[in-house]
Structure formats: structure tokens, C-alpha cells
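To start, the structure under review is shown below, and the notes come after it.
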Amino acid sequence: MTGTASQLTKTAFVSTNSISQGEQVGILWNELFNKYKIKIHFAHRTFSWSNEARGNAAVHVVIIGFANFDFNEKVVYEYEHIKGEPHEIRVRNINPYLVEGKDNFLQKRRTPISNVPEISFGSMPN
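One point on numbering: in the numbering used here, the residue at position 9 of the sequence shown is 220, and numbering is uninterrupted.
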């Protein structure tokens, strides 16, 4: 997204659903929202996409449409079944986790957010 701030740009990603989950959100979307001032206009939550090739590879994907300007009529497409048809949900704002809400980003951290004892070992199954 290069150019001047006066240029209106709309685009969309078709991607694996990892860009709207976990650590990826803080890495990718924080940059897009803060540097390029984007707003998400529509989003298809996770659904199964497959091709027609002989092995019929299938992946779980999302579609996210966004622009460097805001838009009042935002829509989230939700799938009751991952291989089913979507239904529309009209929302006021779509955050990077593809839910209605403020544009918050959880960042990776190595220290606790409150005064708790340090964890020295994680999960250690026997």
C-alpha cells in the first residue's frame, strides 16, 4: 500500500485463517492499522476451501476486505458449518480477530501483566 494518504485504496486477502489468530494478529494487523490506517470492511470467518484437483486439497481460509478509509456498512460472514453457506452479520466495527469490537492487538510478551510468581517450567507431561 504505497502512494499518498489522499489515494483511496481497497483490497482483500484470501488467506489461511492463521492471519486472524494468535501471535500473527499483533505482527501483521498492528502494522497495517497503525502505519496505513486501514479499516476492515468485510470478513468471511473461517471456512473450508478446496480445489478440484485429484487429491482435493482443502485448507481453512478467511477472506478479509479492507481499505485505507472507513465504511459504515461492515459485514461479517459467518459459517455455521465450516463447509456450509455463510450468513451475514451487520456490525459497527470488525477487528483483526474477525469479531465485532475495538481494534485491539495482543502483543507477544515475556513478562507477566501482574505481580505473580515466575513460571520456570511449562507443561511437562510424564
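Glycine residues also receive a C-beta, built at the ideal position from the N, C-alpha and C atoms.
Taking the CA atoms as reference points, Ala269 sits about 45 Å from Asn326. Shortest Cα-Cα distance from Ile300 to any of Phe332, Arg256, Gly266 and Asp281 involves Arg256. The straight-line gap separating the alpha-carbon atoms of Arg265 and Gly312 is approximately 41 Å. Nearest Cα to Ile249 within the set Asp314, Gln232 and Thr322: Asp314. For Tyr247, the secondary structure class from DSSP, reduced to helix, strand or coil, is helix. Taking each of Lys294, Ile275 and Asn283 in turn and checking the Cα distance to Asn228, the smallest one comes out for Ile275. Partner residues in the beta bridge of Ser226, as assigned by DSSP, are Val273. Between the alpha carbons of Asn241 and Lys294 lies a distance of about 30 Å. For Glu284, the closest alpha carbon among the candidates Thr322, Leu243 and His252 is that of His252.
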